[in-house]
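Okay, structure first, notes after.
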Amino acid sequence: MSASRSGVWSGNAPPPTATCAFARISFRGREALFFVYVATLVIPQEVTVIPLFLIMKDIGWIDSYQALIVPPAFTAFGTFLLRQFFRGIPRELEDAARLDGASRPVILTRIMLPLARPALGALAVFTFIGYWNSFLWPLIVINSAEKATVPLGLDMFVTQTVERWNLLAAASLIAAAPSLLLVIALQRSFVRGIVIAGFGGR
3 MSASRSGVWS
13 GNAPPPTATC
23 AFARISFRGR
33 EALFFVYVAT
43 LVIPQEVTVI
53 PLFLIMKDIG
63 WIDSYQALIV
73 PPAFTAFGTF
83 LLRQFFRGIP
93 RELEDAARLD
103 GASRPVILTR
113 IMLPLARPAL
123 GALAVFTFIG
133 YWNSFLWPLI
143 VINSAEKATV
153 PLGLDMFVTQ
163 TVERWNLLAA
173 ASLIAAAPSL
183 LLVIALQRSF
193 VRGIVIAGFG
203 GR
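To convert, count from 1 in the sequence shown and add 2; that's the numbering used here.
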């Protein structure tokens with residue numbers, strides 16, 4: 003992958019401070035640490051569900067919204083995406099802000115994040131669609147029908163209706179509507195974020 007532009011924040015990434023540090027702050031072992039962090043993307047979800055389930059059980063989060071939100075919220079994909087974007091921002095902007103007395107948190111919140119809106123929009127679309135369609139993890143940690151996600155609801159729908167495919171097709175269309183509406187609403191940010199983050203084939 004080209005290291006032209008990218009960065010990370012939003013639903014499946016660590017805080018923007020960590021992402022910006024990988025792109026803008028030089029420290030010993032930065033590239034090795036980033037490589038190890040991104041290498042976690044190759045670990046299949048099936049390998050991690052049992053340890054995560056045991057952790058959720060120990061802290062009492064089984065069958066809760068916290069178990070649905072917190073574990074998937076921190077993955078390396080967002081870090082990889084936004085890091086490339088942050089590396090493409092001219093350092094002169096950062097240097098000028100430092101001359102004006104701005105601290106690193108101020109530079110991050112006042113300069114970096116506003117410039118990163120297209121990449122954050124693309125990441126938001128990827129994150130929402132990925133979690134909206136997630137099946138395995140909700141199947142393991144959710145026991146009650148009230149907290150079931152849409153894929154679990156569709157699976158229950160098949161059982162309850164004895165596989166009436168016409169009703170299942172209608173339910174699937176309704177379930178796909180939020181993702182479709184989100185892509186339409188964020189189309190410009192999504193396309194621009196993909197291009198400037200290095201996924202546009204350049």
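A virtual CB, placed ideally from N, CA and C, is assigned to each residue, including glycine.
Residue i (DSSP reduced to helix, strand or coil)
i           : result
residue 77  : coil
residue 28  : coil
residue 1   : Shown here, the chain extends from 3 to 204; a query on residue 1 therefore has no answer.
residue 46  : coil
residue 137 : coil
residue 63  : coil
residue 203 : Its pLDDT being 40, under 50, residue 203 is placed unreliably by the model, and nothing is read from it.
residue 72  : coil
residue 191 : helix
residue 105 : coil
residue 1   : The question about residue 1 has no answer, for the chain in this structure spans 3 to 204.
residue 182 : helix
residue 132 : helix
residue 112 : helix
residue 92  : coil
Classification of residue i by the beta-carbon crowding that lies within 10 angstroms, buried from 16 upward
i           : result
residue 92  : exposed
residue 107 : exposed
residue 34  : exposed
residue 89  : buried
Cβ-based neighbour list, residue i, same chain, cut-off 8 Å, excluding 5 preceding and 5 following
i           : result
residue 69  : 58, 63, 143, 144
residue 158 : 147, 150
residue 160 : 170
Sequence-distant residues of its chain with Cβ nearer than 6 Å to residue i (five each side left out)
i           : result
residue 188 : 123, 127
residue 24  : 36, 85
residue 55  : 142
residue 78  : 39, 40, 42, 43
residue 194 : 120
residue 191 : 120, 123
Short Cβ contact (8 Å threshold) for residue i with residue j
i           : j           : result
residue 74  : residue 139 : yes
residue 173 : residue 156 : yes
residue 121 : residue 87  : yes
residue 125 : residue 80  : yes
residue 130 : residue 184 : yes
Residue i beta carbon near the ligand NAD (any heavy atom closer than 7 Å)
i           : result
residue 180 : Absent from the structure shown: the ligand NAD. Ligands present: none.
Residue-chain proximity (residue i, chain B), Cβ-Cβ < 8 Å
i          : result
residue 97 : This model lacks chain B altogether, as it is built from one protein chain only.
Please confirm if the segment 134-152 is in contact with the segment 95-112, defined as three or more CB-CB distances below 8 Å between the two stretches. no
Given 8 Å, three or more beta-carbon pairs between the segment 41-57 and the segment 113-126: no
Is it true that the segment 61-68 meets the segment 46-53, where meeting means three or more beta-carbon pairs spaced less than 8 Å apart? no
When the Cβ atoms of the segment 145-158 are set against those of the segment 168-181, are three or more pairs found closer than 8 Å? yes
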